[in-house]
Amino acid sequence: MNAITKNYFHLHFIIFIWGFTAILGALISIDAIPLVWFRVTLATLFLYAFIRLKKVKIQVPFSVLLRYIFGGVLIAIHWITFFYAIKIATISIALAAMSTGALFVTLIQWVVFKKKLIPYELLFSLLAIVGLVVIFNAEGQYFIGIVIALLSSFLSACFSILNSNLIKNNSATVISFYELFFASIFIGIVLLINGTVNSHFFVLSSTDWLYLLLLASVCTAYAFAASNQVLKSVSPFTMMLSINLEPIYGIILAIIIFREKEIMTANFYYGALLILVTVILNGVIKLKKKNKTTKLSEI
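The C-terminal position of the sequence shown is numbered 299 in this note's numbering, with every residue numbered one higher than the one before it.
What follows is the structure in structure tokens.
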């Protein structure tokens with residue numbers, strides 16, 4: 001198995017773990033912002049211990065540090081909105097909306113980086129919007145949750161593009177450590193400002209602590225650093241395309257664990273399927289074009 005194939009298998013293992021992240025988010029009883037603070041703070045400590053053990057150098061230029069700060073704020077707001085969407089809607093709703101990530105990457109690259117928008121990309125984007133409209137109509141009671149999840153998906157796309165550039169000249173472990181550290185600082189400031197931190201803040205049930213430790217270690221510290229490493233050999237679009245399997249893993253797990261609570265109407269699944277199909281077709285066409293270009297360059 002060559003390095004690229006190994007990275008693809010590794011990526012899908014990471015995505016399965018992320019699918020389980022939504023389950024943990026629903027099981028943990030605390031609110032979204034404290035939940036994410038505990039997650040990133042514990043994950044930062046785990047990564048710092050790894051850095052000390054492996055004697056990894058973490059000194060970086062100030063200009064790069066500023067980009068890590070921006071990445072930390074992005075990932076903090078992304079996770080807060082994601083877990084908040086789960087809390088006010090359902091796991092299935094949040095994950096279905098998150099499957100728009102690859103389309104957001106395409107639109108961001110078109111608007112911000114002036115990348116030419118190909119006609120079939122526009123068609124798929126319109127079809128994905130149709131899928132979202134179907135979901136909105138089918139599950140209108142979760143309107144706010146769907147909107148929050150879409151915002152989370154957009155932030156995830158921005159974060160993926162940022163890190164695909166950072167990883168070219170920086171260690172995945174160092175990127176992950178700094179971004180999680182600054183995410184912790186950012187959320188900590190928010191918690192202090194809104195007066196959430198008090199004598200009861202750290203008093204959690206043993207079950208919540210267990211889930212938080214699992215979320216911070218396996219689902220964050222490991223998966224976060226590993227996903228950044230994978231970006232060395234896969235594009236941000238491929239990353240976001242593959243992440244669209246996360247809703248499938250997560251929704252199946254949610255139905256198994258939470259049963260009736262996570263069973264949606266038939267129209268919801270039609271809308272979610274339409275979004276997934278458009279994103280997958282988009283990826284298949286791009287892959288074929290890439291392979292064709294590679295073959296022509298070899299002639």
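C-beta: ideal position from N, C-alpha, C; glycine also.
Keep in mind it's a predicted model, so treat the numbers as computed, not measured.
Report task. Count the other CB atoms, across all protein chains shown, that sit within 10 Å of the CB of P119; report buried if there are 16 or more and exposed otherwise. Result -> Numbered from 1 along the sequence shown, position 119 holds the residue referred to as residue 119. Looking at its Cβ environment, which holds fewer than 16 other Cβ atoms inside 10 Å, P119 is exposed.
Query raised in the report: With respect to the alpha helix (DSSP H) encompassing N165, which residues constitute its N-terminal and C-terminal limits?
Result: Taking the first residue of the sequence shown as 1, we reach residue 165 at position 165. It spans 143-166 - the alpha helix (DSSP H) in which N165 sits, taken as one unbroken run.
Query raised in the report: Is the stretch 250-269 touching the stretch 208-222, taking contact as three or more C-beta pairs under 8 Å?
Result: no
Requested in this report: Measure from the alpha carbon of Y222 to the alpha carbon of each residue in W18, I263, S160, I161, then state which is nearest.
Outcome: What you label residue 222 is simply residue 222 of the sequence shown in a count that begins at 1. For the residues W18, I263, S160, I161, the minimum Cα distance to Y222 belongs to W18.
Requested in this report: Whole angstroms is fine: what's the gap from F83's alpha carbon to K57's?
Outcome: In the sequence shown, residue 83 corresponds to position 83, counting from 1. In the sequence shown, residue 57 corresponds to position 57, counting from 1. The alpha-carbon atoms of F83 and K57 are separated by roughly 33 Å.
Query raised in the report: DSSP state of K116, grouped into three classes?
Result: Walking along the sequence shown from the start, residue 116 turns up at place 116. Looking at K116 - three-state DSSP - the assignment turns out to be coil, as it is neither helix nor strand.
Query raised in the report: Under the rule that 16 or more other beta-carbon atoms within 10 Å means buried, what is Q229, buried or exposed?
Result: Here residue 229 refers to the residue found at position 229 when the sequence shown is read from its first residue. Buried, by the Cβ-count rule.
Query - Where H200 falls, given that 16 or more other Cβ within 10 Å makes a residue buried - result: One-based indexing of the sequence shown puts residue 200 at position 200. Flag for H200 reads exposed.
Query raised in the report: Whose CA, out of T173, F104, V134, lies closest to the CA of L122?
Result: Position 122 of the sequence shown, counted from the start, is the residue given in the question as residue 122. Nearest C-alpha to L122: F104.
Report task. For D31, name the three-state secondary structure that DSSP assigns. Result -> For the purposes of this step, residue 31 is taken as the residue at position 31 of the sequence shown. DSSP places D31 in coil when its eight states are reduced to three.
**Report entry** C-alpha distance - I263 paired with A96, whole-angstrom precision
**Finding:** Within the sequence shown, residue 263 is the residue found at index 263, counting from 1. Within the sequence shown, residue 96 is the residue found at index 96, counting from 1. Going from the Cα of I263 to the Cα of A96 covers about 13 Å.
Query raised in the report: So, using beta-carbon positions, are I69 and A26 closer together than 8 Å?
Result: As a first step, residue 69 must be located in the sequence shown, where it is residue number 69. As a first step, residue 26 must be located in the sequence shown, where it is residue number 26. Not a contact, by the Cβ cut-off of 8 Å.
Query raised in the report: Starting from K87 and walking both ways along the alpha helix (DSSP H), at which residues does that stretch end?
Result: Walking along the sequence shown from the start, residue 87 turns up at place 87. Here the alpha helix (DSSP H) through K87 covers 62-88.
Query raised in the report: Mapping DSSP to helix, strand and coil, what is I91?
Result: Numbered from its first residue, the sequence shown carries residue 91 at position 91. It is helical.
Query raised in the report: Taking contact to mean at least 3 C-beta pairs separated by less than 8 Å, is the stretch 176-185 in contact with the stretch 63-79?
Result: yes
**Report entry** Close-in-space but distant-in-sequence residues of the same chain around I28 (CB under 8 Å, 5 per side omitted)
**Finding:** Walking along the sequence shown from the start, residue 28 turns up at place 28. Hits under 8 Å: L35, D208, Y211, L212, L215.
Requested in this report: Measure the CB-CB distance between I285 and T100 and report whether it falls below 8 Å.
Outcome: Start at 1 with the first residue of the sequence shown, and residue 285 comes out as number 285. Start at 1 with the first residue of the sequence shown, and residue 100 comes out as number 100. Result no, Cβ atoms of I285 and T100 do not sit closer than 8 Å.
Query raised in the report: Are the Cβ atoms of I75 and F9 separated by less than 8 Å?
Result: The count along the sequence shown starts at 1 and reaches residue 75 at position 75. The count along the sequence shown starts at 1 and reaches residue 9 at position 9. No, these two residues do not count as a Cβ contact at 8 Å.
Query raised in the report: If you draw a straight line from the alpha carbon of V277 to that of Y269, how long is it in whole angstroms?
Result: Position 277 of the sequence shown, counted from the start, is the residue given in the question as residue 277. Position 269 of the sequence shown, counted from the start, is the residue given in the question as residue 269. Roughly 12 Å separates the two Cα atoms.
Requested in this report: Return the residue from the list A94, W110, L11, I135 that minimises the CA-CA distance to L150.
Outcome: Numbered from its first residue, the sequence shown carries residue 150 at position 150. Comparing Cα-Cα distances from L150 to each of A94, W110, L11, I135, the minimum goes to A94.
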